[in-house]
Amino acid sequence: MRLDYPPNYTERIGAVSIHALQKIYEIDSGKMPKFNGLHQHQSIKAFGYDELSSIFQELAIVIPVKNEKISLLEGVLSGIPNECLIIIVSNSQRTPVDRFAMEVEMVRQYSSFADKKIMIIHQNDPELANTFKKIKYRSILNTKSQVRSGKAEGMIIGILLAKMHLKEYIGFIDSDNYFPGAVNEYVKIFAAGFGMATTPYSNIRISWRSKPKIVNNSLQFPRWGRISESSNKYLNALISHITGFEREIITTGNAGEHALSMSLAENLNYSSGYSVEPYEFINILEKFGGLLPSNNPDIIEKGIEIFQIETRNPHFHEEKGNDHLAGMMQESLLAINNSKICNTELTREINDHLLMLQVKHNNDMTKLNFKKKHLIMDPIKIIPIDKFAEFVVKNSKTFIRIG
Numbered sequence: 002m003r004l005d006y007p008p009n010y011t012e013r014i015g016a017v018s019i020h021a022l023q024k025i026y027e028i029d030s031g032k033m034p035k036f037n038g039l040h041q042h043q044s045i046k047a048f049g050y051d052e053l054s055s056i057f058q059e060l061a062i063v064i065p066v067k068n069e070k071i072s073l074l075e076g077v078l079s080g081i082p083n084e085c086l087i088i089i090v091s092n093s094q095r096t097p098v099d100r101f102a103m104e105v106e107m108v109r110q111y112s113s114f115a116d117k118k119i120m121i122i123h124q125n126d127p128e129l130a131n132t133f134k135k136i137k138y139r140s141i142l143n144t145k146s147q148v149r150s151g152k153a154e155g156m157i158i159g160i161l162l163a164k165m166h167l168k169e170y171i172g173f174i175d176s177d178n179y180f181p182g183a184v185n186e187y188v189k190i191f192a193a194g195f196g197m198a199t200t201p202y203s204n205i206r207i208s209w210r211s212k213p214k215i216v217n218n219s220l221q222f223p224r225w226g227r228i229s230e231s232s233n234k235y236l237n238a239l240i241s242h243i244t245g246f247e248r249e250i251i252t253t254g255n256a257g258e259h260a261l262s263m264s265l266a267e268n269l270n271y272s273s274g275y276s277v278e279p280y281e282f283i284n285i286l287e288k289f290g291g292l293l294p295s296n297n298p299d300i301i302e303k304g305i306e307i308f309q310i311e312t313r314n315p316h317f318h319e320e321k322g323n324d325h326l327a328g329m330m331q332e333s334l335l336a337i338n339n340s341k342i343c344n345t346e347l348t349r350e351i352n353d354h355l356l357m358l359q360v361k362h363n364n365d366m367t368k369l370n371f372k373k374k375h376l377i378m379d380p381i382k383i384i385p386i387d388k389f390a391e392f393v394v395k396n397s398k399t400f401i402r403i404g
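Given below as structure tokens:
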């Protein structure tokens, strides 16, 4: 892979470095020749297969699944490089049709042809909930002592499974991607990002080149989705307020496809549901941006890097419907709105936006609650990973390892 390096601009807030969007020039840059200083381009970085492969071996790809088409999930699996550990965290229905059993059967059949290392677990496995109770990690549980059915909760389970297999990096890819080639590009971007990082604490976020859709029987390629456009707008407004300079550096506010170094992932809080992606930005700024008191001097000393890299492939995924999008919009904006670092003027703008959203959907959906507070989950570093691994492997009825 060949891409911009170093990024053409970096915004620094405390210990956090947010790099401007980087462009890919070659998805596959070929086998790298032996080092020759005369041929090194000062503004371009190329990663050969051997270099990417060494990072793939330390990378786990977590795929949260909820009632997706089996063929879509199988396509996503086919796009992930062989060296990566694949972790499927399913929240699919068990009754009246057991879709989880269908997913397991597909993975078993697929694995008979592809020599991949795959793990799968169901998010609502009662023994998984019991494990969290035993290790006293209750912030992931609901009032009935069950694991909540949110995306962030599934991501945390995936991070823990990656940690118990000693992986250094975790990438997240949605299960509704139509193009396996795009999935392959995402994973290469993750590896390239970690290869560029100068700190153990890094976040790689993918900016889609376009999100194709059909309008009036014509295929169009808009740059942003509705939710990303709004999240980016308000995150940029927040950063402009903090720095005193108007910026539009954030292009990945709702990046479902993103990756974290384990060192950073285990030190972050996570916001429940679909607010998880924009909240990662907020939590990093709250903890390491020098805006609030911090209990992490070692991390602040080394710094945090956020890379944003634009794909070459378009992003084409399953449509979820207007109600789903409105709910995601609400959760994403509230993740920004409820932060201690959000200024009064921005809070007013976001509340006005949510009120307009309420009016727009007043006749066809449940009333939006723009004062809703999200549940914030504790960093997973407090979890004794050896105990978690022991309980999951011994007791879980849905935990399966293949390959």
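If you use this note's numbering, the sequence shown corresponds to residues 2 to 404, in order.
Cβ coordinates follow ideal geometry from the N, Cα and C atoms, glycine included.
is_contact[residue i, chain B] using C-beta, thresh 7 Å
| i | result |
| --- | --- |
| L4 | The chain inventory of the structure shown lacks chain B, comprising one protein chain alone. |
Closest residue to residue i among the options (Cα-Cα distance)
| i | options | result |
| --- | --- | --- |
| F180 | H354, T312, N352 | T312 |
| E247 | I384, K361, E12, V108 | E12 |
| I174 | M165, I160, L167, H166 | I160 |
| L356 | D126, N255, P127, M330 | M330 |
| A163 | S264, R100, F195 | S264 |
| V17 | Y202, I81, F57 | Y202 |
| S54 | K234, S150, S176, A193 | A193 |
| I207 | L236, E258, A390 | E258 |
| I87 | Y138, K168, Q23, T252 | K168 |
| L334 | G182, G274, G172, N178 | G274 |
| E52 | I351, R349, G196 | G196 |
| N143 | L376, L358, P97 | L376 |
| M378 | S276, S272, A198 | S272 |
| K56 | S262, E281, S276, F392 | The sequence shown places Ile at residue 56, not Lys. Ranking S262, E281, S276, F392 by Cα distance to I56 puts S262 first. |
| L78 | N178, T253, P7, P34 | N178 |
| G182 | G76, L236, P34 | G76 |
| L347 | L358, R95, S232, I250 | S232 |
Boundaries of the beta strand (DSSP E) in which residue i is found, first to last residue
| i | result |
| --- | --- |
| G172 | 170 to 173 |
| D353 | No beta strand (DSSP E) contains D353, which is instead part of the alpha helix (DSSP H) from 345 to 361. |
Beta-carbon proximity list for residue i, same chain, < 6 Å, skipping 5 on both sides
| i | result |
| --- | --- |
| H242 | N344 |
| I386 | K164, M165 |
| N364 | Interpretation of N364 is limited by its pLDDT of 49, a score under 50 that renders its predicted location unreliable; no figure is taken from the coordinates. |
| T399 | I122, H123, D126 |
| H354 | none |
| I205 | F191, G194, A260, F308 |
| A390 | M165 |
| K32 | G49 |
| K388 | I136 |
| D5 | Q23, K24 |
Neighbourhood of residue i by C-beta distance below 7 Å, restricted to the same chain and skipping five residues each side
| i | result |
| --- | --- |
| T200 | K303, G304, I305, E306 |
| G38 | The pLDDT assigned to G38 is 49, lower than 50, so where the model puts this residue is not dependable, and the model offers no usable value. |
| S93 | V66, K67, N68, R100, F101, E104 |
| K374 | N339 |
| L60 | C85, K168, Y170, G172, F191, A192 |
| S146 | A130, K134 |
| G155 | P65, V90, N92, Q124 |
| N9 | A21 |
| V277 | K152, A153, M156, Y271 |
Cutoff 8 Å; reference residue i; Cβ partners in own chain excluding five residues on either side
| i | result |
| --- | --- |
| I342 | L239, I243, I283, L286, E287, G290, L292, L293 |
| R3 | I25, Y26, E27, S30, I45, K46, A47, F48 |
| G404 | S112, D116, K117, K118, I119 |
| N396 | E128, N131, T132 |
| I14 | I240, I243, T244, L286, G290, G291, L292 |
| E267 | I160, K164, P380, I381, K382 |
| V413 | Nothing can be reported for residue 413: it is not among the residues displayed for the chain, which extend from 2 to 404. |
| I423 | Nothing can be reported for residue 423: it is not among the residues displayed for the chain, which extend from 2 to 404. |
| I71 | M103, E104, M107 |
First through last residue of the alpha helix (DSSP H) which encompasses residue i
| i | result |
| --- | --- |
| I190 | 181 to 197 |
| I131 | This sequence places Asn at residue 131; Ile is not what is there. Unbroken alpha helix (DSSP H) run through N131: 127 to 135. |
| V77 | 71 to 80 |
Nearest-angstrom Cβ-Cβ length linking residue i and residue j, presumed shorter than 8 Å
| i | j | result |
| --- | --- | --- |
| I141 | I121 | Between I121 and I141 the Cβ distance is about 19 Å, and since that is not below 8 Å, they are no contact. |
| P279 | A336 | 5 Å |
| S150 | L74 | Between L74 and S150 the Cβ distance is about 18 Å, and since that is not below 8 Å, they are no contact. |
| S229 | N255 | 5 Å |
| Q43 | E84 | Not confirmed; about 30 Å, so no contact. |
| H316 | K234 | Not a contact, Cβ separation roughly 19 Å. |
| N314 | R210 | 7 Å |
| I136 | I384 | 6 Å |
Bridge-paired residues (DSSP) for residue i
| i | result |
| --- | --- |
| A61 | L86, I171 |
| Q309 | R206 |
| T399 | According to DSSP, T399 bridges with nothing at all. |
| H123 | S91 |
| Q23 | I310 |
| V148 | L142 |
| I386 | DSSP lists no partner for I386. |
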